[in-house]
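Notes follow once the structure below has been shown.
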Amino acid sequence: MISHSQIYRARASLATHYYADQADDYYSRDGSAATWQGEGARRLGAVGEIDPARFKAMLQGDFGRNVTAGRSIRKDAKARAALDLTFGAPKSITLQALIGGDERLIHANDQAVATALAYVEQHLTMGRRKENGKSRVEQTGNLIIAKFRHETARPTEDAAPDPHLHVHALLMNLTQRADGNWVSLSNETIFKLLRVTDAIYQAELERNVRALGYAVRHEKNHIELAHITREQIEFFSKRSAGITAELTARGTTRDNAPHALRQGINLAHRQEKTQAFSRTELHQQWREAATAIGMQFNQARHDAERQAPEAQEASADLVAQASLDWSIQHLAERESVMPLADLLHSAIRHAGGHTDITAIQAAIQGRVASGALIQEAPHYSSTQDKEAQPMTREGWAAEVTRLAGLNQDTALQLVDDAIAQGRLLMESPRYATRKAHEAESRILATEHAGRGAWQSTINAADAENALDTLLTPGQGEAVMLITAGSDQVAGIQGLAGTGKSFALQNAQSILHEQGHTMTALAPYGNMVRNLRDEGIPANTIASILAAADKRPFLDSLGPTSVVVIDEAGVVPVRQMDKLLALIQPTGAKVVLLGDTAQTKAIEAGRAFAMLQEHGMKTVLMGDIQRQRTARLRQAVELAATGRASRSLPLLDAIRVLPDEFTTDEHGRKTRDSSTRYEAIATTYTGLTATEQANTIVVTGTNASRNEINQRIHALLGLEGKGRPCQLLTRHDTTRAERSVARFYTAGDIVIPERDYKCGLKRGELYRVTGSTRHDRISVMPVQTESATRQPIEIIPKTMSKLSVYHLNEAELSVGDHVRITRNDARHDLVNGQLAKVVAIDAVSVTLETQGRHVHLPTDQPLNMDYAYATTAHSAQGLTCDRVLYNAESFSRTTAQDTYYVSISRERHDVTVFTDDAEKLPAKVDRQTYKGLAHDLQPAAAKVFSREENEPSVLTLPAESELEVD
Numbered sequence: 000m001i002s003h004s005q006i007y008r009a010r011a012s013l014a015t016h017y018y019a020d021q022a023d024d025y026y027s028r029d030g031s032a033a034t035w036q037g038e039g040a041r042r043l044g045a046v047g048e049i050d051p052a053r054f055k056a057m058l059q060g061d062f063g064r065n066v067t068a069g070r071s072i073r074k075d076a077k078a079r080a081a082l083d084l085t086f087g088a089p090k091s092i093t094l095q096a097l098i099g100g101d102e103r104l105i106h107a108n109d110q111a112v113a114t115a116l117a118y119v120e121q122h123l124t125m126g127r128r129k130e131n132g133k134s135r136v137e138q139t140g141n142l143i144i145a146k147f148r149h150e151t152a153r154p155t156e157d158a159a160p161d162p163h164l165h166v167h168a169l170l171m172n173l174t175q176r177a178d179g180n181w182v183s184l185s186n187e188t189i190f191k192l193l194r195v196t197d198a199i200y201q202a203e204l205e206r207n208v209r210a211l212g213y214a215v216r217h218e219k220n221h222i223e224l225a226h227i228t229r230e231q232i233e234f235f236s237k238r239s240a241g242i243t244a245e246l247t248a249r250g251t252t253r254d255n256a257p258h259a260l261r262q263g264i265n266l267a268h269r270q271e272k273t274q275a276f277s278r279t280e281l282h283q284q285w286r287e288a289a290t291a292i293g294m295q296f297n298q299a300r301h302d303a304e305r306q307a308p309e310a311q312e313a314s315a316d317l318v319a320q321a322s323l324d325w326s327i328q329h330l331a332e333r334e335s336v337m338p339l340a341d342l343l344h345s346a347i348r349h350a351g352g353h354t355d356i357t358a359i360q361a362a363i364q365g366r367v368a369s370g371a372l373i374q375e376a377p378h379y380s381s382t383q384d385k386e387a388q389p390m391t392r393e394g395w396a397a398e399v400t401r402l403a404g405l406n407q408d409t410a411l412q413l414v415d416d417a418i419a420q421g422r423l424l425m426e427s428p429r430y431a432t433r434k435a436h437e438a439e440s441r442i443l444a445t446e447h448a449g450r451g452a453w454q455s456t457i458n459a460a461d462a463e464n465a466l467d468t469l470l471t472p473g474q475g476e477a478v479m480l481i482t483a484g485s486d487q488v489a490g491i492q493g494l495a496g497t498g499k500s501f502a503l504q505n506a507q508s509i510l511h512e513q514g515h516t517m518t519a520l521a522p523y524g525n526m527v528r529n530l531r532d533e534g535i536p537a538n539t540i541a542s543i544l545a546a547a548d549k550r551p552f553l554d555s556l557g558p559t560s561v562v563v564i565d566e567a568g569v570v571p572v573r574q575m576d577k578l579l580a581l582i583q584p585t586g587a588k589v590v591l592l593g594d595t596a597q598t599k600a601i602e603a604g605r606a607f608a609m610l611q612e613h614g615m616k617t618v619l620m621g622d623i624q625r626q627r628t629a630r631l632r633q634a635v636e637l638a639a640t641g642r643a644s645r646s647l648p649l650l651d652a653i654r655v656l657p658d659e660f661t662t663d664e665h666g667r668k669t670r671d672s673s674t675r676y677e678a679i680a681t682t683y684t685g686l687t688a689t690e691q692a693n694t695i696v697v698t699g700t701n702a703s704r705n706e707i708n709q710r711i712h713a714l715l716g717l718e719g720k721g722r723p724c725q726l727l728t729r730h731d732t733t734r735a736e737r738s739v740a741r742f743y744t745a746g747d748i749v750i751p752e753r754d755y756k757c758g759l760k761r762g763e764l765y766r767v768t769g770s771t772r773h774d775r776i777s778v779m780p781v782q783t784e785s786a787t788r789q790p791i792e793i794i795p796k797t798m799s800k801l802s803v804y805h806l807n808e809a810e811l812s813v814g815d816h817v818r819i820t821r822n823d824a825r826h827d828l829v830n831g832q833l834a835k836v837v838a839i840d841a842v843s844v845t846l847e848t849q850g851r852h853v854h855l856p857t858d859q860p861l862n863m864d865y866a867y868a869t870t871a872h873s874a875q876g877l878t879c880d881r882v883l884y885n886a887e888s889f890s891r892t893t894a895q896d897t898y899y900v901s902i903s904r905e906r907h908d909v910t911v912f913t914d915d916a917e918k919l920p921a922k923v924d925r926q927t928y929k930g931l932a933h934d935l936q937p938a939a940a941k942v943f944s945r946e947e948n949e950p951s952v953l954t955l956p957a958e959s960e961l962e963v964d
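If you count the sequence shown from 1, position 47 lands on 46 in numbering that gives the first Met the number 0, and the numbers rise without skipping.
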């Protein structure tokens with residue numbers, strides 16, 4: 000795995016000592032432990048073994064008299080000297096090489112590092128120069144790389160350091176342009192494609208290791224040698240073991256401990272490398288330790304011979320095609336638009352060293368040529384104006400024409416010159432599948448065909464007369480659209496807190512009076528429960544689409560039926576396509592009710608927004624009622640209309656609690672957010688019980704949610720008063736990942752969603768015990784695990800209906816508030832339902848929820864979690880009196896949609912907790928992009944747009960129309 004850090008000139012002497020001192024390297028005698036690489040190094044005569052004096056001079060900016068440096072190279076001590084890419088070999092390879100004595104593995108790792116660096120040099124190396132104060136870059140294709148191989152990890156206290164084979168590759172901050180000038184290195188592209196570089200390294204390493212006769216197993220994102228166990232690997236991680244021991248002493252584990260606690264202990268255990276142990280002493284200690292735990296390094300040959308015979312080695316091209324298939328399936332589940340870097344990274348990882356990046360790139364181009372993949376037209380970004388959005392060549396020419404009044408041919412020539420000179424740089428291409436484009440087209444075509452096609456028997460005047468007098472204007476328009484609108488597919492853009500439920504109840508009443516019916520579909524079980532509580536028949540979308548017999552649902556529909564799809568903004572293209580295809584032939588009307596500004600679908604596409612963008616009849620329900628003050632209503636309206644940062648001053652309070660940082664000797668910073676998490680928990684627990692019941696704590700990530708939940712549990716005085724229980728947390732994987740054995744870890748819990756012939760029963764829990772072959776895993780039923788019971792071997796790629804969970808241990812105490820995390824028909828519980836623990840003993844936990852008691856056995860894992868804090872995605876649809884919002888400026892989850900959801904839940908009060916008030920406005924204004932295949936071919940969707948004189952798209956309130964307190 001690759002990590003990175005910056006080296007600065009001011010630390011040249013220290014860095015030289017750290018990197019170039021090879022006293023800890025047993026194999027330095029062969030001259031391969033410290034070597035130069037790169038065309039740039041060759042041009043400077045830096046070839047072969049590294050001279051520490053010359054290395055130090057380069058770090059200080061002295062590259063020799065023949066180097067003509069451009070003006071972009073800084074000369075001060077704070078200037079960047081080099082970028083350190085550190086390649087860490089898997090631990091089992093380290094153990095077999097350094098203790099088992101197989102030097103071939105060291106050279107196999109060196110070769111994998113060299114291959115990855117060659118990719119960086121050939122494809123990612125950019126030189127930077129300045130002209131008139133503005134930066135521009137060009138691809139140079141040459142690097143000066145100093146590689147240092149080290150063998151030991153940082154020691155812990157007085158113990159000998161553990162074996163850890165790793166290579167520091169220092170990319171000097173210098174590269175040569177085509178005109179011969181040497182300029183500073185631009186790191187942006189290297190960082191953007193670092194995951195691809197890491198995938199190349201790991202794939203090449205796997206190929207080399209297999210070629211030496213070793214069998215390997217996959218552990219998530221890396222390989223390990225099959226004959227070395229996870230327990231043996233952990234034994235040779237003393238610093239890791241010390242951290243685990245200290246966590247255990249504090250009554251917690253790595254999985255359950257707050258991040259801040261783990262990080263603090265981690266830093267406390269970190270020490271500088273020392274040379275207190277001689278090479279002979281070190282190896283002797285390693286060998287004695289390996290013998291003591293029964294390691295058999297010659298077992299590798301026997302394991303390889305026993306390894307199940309693989310299919311005959313396929314050609315690199317066939318492997319590339321199969322790996323690309325898997326990559327597309329994996330990525331396209333979550334995003335319709337796939338960047339090249341993501342395609343490459345996923346395909347290389349999946350290939351496992353049986354092909355190379357060149358073959359995969361060729362496979363991608365083959366798919367584009369065949370039409371299976373749609374490639375976006377080339378886009379170019381300005382290297383001089385970072386704020387400008389990337390545009391096509393024609394787009395830039397149009398901009399030149401607009402600004403300078405030049406004709407098109409002259410403008411195009413200027414753009415071509417800018418591209419050639421590096422002032423415009425081509426962006427990495429993006430792709431979408433033809434299948435995704437066709438699904439989007441079917442959705443648009445269905446809506447287009449239904450315009451004016453629903454002939455309601457309800458007279459518009461009668462419907463208007465039947466409107467409840469308490470309806471707001473927006474609610475009234477929504478009810479009229481549902482009851483009397485003529486389009487078979489129509490939309491309601493309902494802002495948060497505008498009374499959607501009340502509008503639906505009024506619409507249902509009018510429909511029933513006129514002999515019509517209304518039913519609702521929603522993405523999640525708790526939404527369905529809420530709709531039913533309001534008297535509206537409802538089902539989950541998944542239950543309808545997954546039903547083997549859809550006739551009961553279809554038989555209930557007809558030309559006098561209205562189907563409302565609630566929270567339509569989180570319905571992905573895949574489901575929307577199937578829903579419309581299912582409902583449209585019945586003649587029923589479909590009304591999509593949602594809010595495009597709130598959180599998006601987890602799966603690919605933005606179906607509801609796409610329909611609005613292409614002319615679907617849509618009314619705005621924008622009269623916010625939830626917030627009780629004009630000031631908070633204005634804040635929510637600003638957030639809903641893309642002006643989130645302007646709403647911040649209108650909120651009740653913004654508490655700034657900066658994170659603490661620690662810095663290691665390489666300048667790497669570690670963040671500690673515990674002060675802010677503690678403040679949130681303290682604020683929550685300082686409320687009365689009634690106030691707590693009407694307060695939601697919202698945060699961006701599951702990690703921060705877990706830490707805040709743990710703190711609240713403790714501050715409520717519940718710690719140590721309950722019983723430890725095993726809770727299940729869904730493993731966030733795609734269907735493609737669930738089809739591959741290496742994405743399962745021993746201890747994972749698998750729940751089949753249907754019966755399988757191999758013996759797996761729907762809804763039962765099975766614990767993963769291991770991987771028997773590269774394509775299969777073994778599982779044991781959780782309730783009947785015993786020494787005499789034989790595991791069941793399954794092939795995941797043949798089983799498409801598996802859910803996978805991680806086990807976490809947490810204390811449940813009487814008084815804890817919990818959230819159900821999986822539908823449980825046996826106990827009439829739905830995903831997202833809230834409950835309170837009212838009793839717990841050695842065999843069961845009793846929950847109070849919706850006026851009834853539910854008893855759940857504790858002898859098996861429970862699908863629940865603490866309910867004090869929630870993510871913004873899970874908070875959507877909730878209403879409360881007060882919100883405590885953890886808005887982290889450094890988190891990718893802080894964006895316009897999550898901010899809008901978070902501040903729009905409350906009626907009375909919202910408090911924002913942040914680490915950086917200056918950075919927060921830009922973060923909450925950031926728009927999250929949920930792409931469409933039509934985004935890559937925008938002209939293809941124009942056929943579905945309405946005529947200019949047809950009313951369609953809603954009008955959002957202007958700033959002048961917003962209320963001011």
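Note that CB positions come from ideal geometry on N, CA and C, so glycine has one too. Quick caveat: nothing in here was measured; it's all calculated off a predicted structure.
Does the Cβ-Cβ distance between residue i and residue j come in under 8 Å?
i: isoleucine 791; j: serine 802; result: no
i: isoleucine 819; j: leucine 828; result: yes
i: arginine 422; j: serine 381; result: yes
For residue i, which residues from the same chain have a beta carbon less than 8 Å from its beta carbon, with the 5 sequence-adjacent residues on both sides left out?
i: tyrosine 200; result: Ile1, Phe86, Ala111, Val112, Thr114, Ala115
i: arginine 925; result: Thr893, Ala894, Gln895
i: threonine 15; result: Pro51, Phe54, Lys55, Leu58
When the Cα atoms are used, what is the spatial distance from residue i to residue j?
i: phenylalanine 190; j: arginine 42; result: 25 Å
i: alanine 465; j: leucine 610; result: 29 Å
i: proline 377; j: lysine 922; result: 28 Å
i: glutamate 332; j: leucine 686; result: 42 Å
i: glutamate 102; j: alanine 9; result: 36 Å
i: alanine 319; j: glutamate 887; result: 40 Å
i: leucine 13; j: lysine 55; result: 9 Å
i: leucine 266; j: aspartate 658; result: Note that leucine 266 scores a pLDDT of 44, beneath 50, so its modelled location is shaky; the value from the coordinates is reported in the next line. Each residue's Cα considered, the two are about 16 Å apart.
i: asparagine 172; j: leucine 211; result: 36 Å
Going along the chain, which residues of its own chain have a beta-carbon closer than 6 Å to the beta-carbon of residue i, five neighbours each way excluded?
i: lysine 929; result: Lys599, Arg605
i: glutamine 513; result: Ile457
Under a three-way DSSP split, which group does residue i fall into?
i: glycine 586; result: coil
i: tryptophan 453; result: coil
i: alanine 362; result: helix
i: leucine 714; result: helix
i: leucine 13; result: helix
i: tyrosine 18; result: helix
i: valine 853; result: strand
With a CB to CB cut of under 7 Å and the five nearest residues on each side skipped, what residues in its chain are close to residue i?
i: proline 338; result: Ser427, Arg429
Checklist entry - Taking one C-beta from the stretch 497-512 and one from the stretch 613-632 each time, how about it: are there three or more such pairs within less than 8 Å? => result yes
Checklist entry - Counting pairs of beta carbons, one from the stretch 641-651 and one from the stretch 675-683, are three or more of them closer than 8 Å? => result no
Checklist entry - Between the stretch 542-556 and the stretch 478-492, do at least 3 Cβ pairs fall closer than 8 Å? => result With the cut-off at 8 Å, the stretch 542-556 and the stretch 478-492 do not touch.
Checklist entry - Does the stretch 383-394 come within contact of the stretch 347-359, defined as at least 3 CB pairs closer than 8 Å? => result no
Checklist entry - Do three or more CB pairs link the stretch 366-374 to the stretch 633-648 at distances below 8 Å? => result no
Next on the checklist: Three Cβ pairs or more, each shorter than 8 Å: is that satisfied between the stretch 712-723 and the stretch 731-750?
Outcome noted: Here the stretch 712-723 makes no contact with the stretch 731-750; the two share fewer than three CB pairs at distances below 8 Å.
Next on the checklist: I want to know whether the stretch 582-600 touches the stretch 556-572 - three or more CB-CB distances under 8 Å.
Outcome noted: In the pairwise beta carbon analysis, the stretch 582-600 is classified as touching the stretch 556-572: at least three pairs are separated by under 8 Å.
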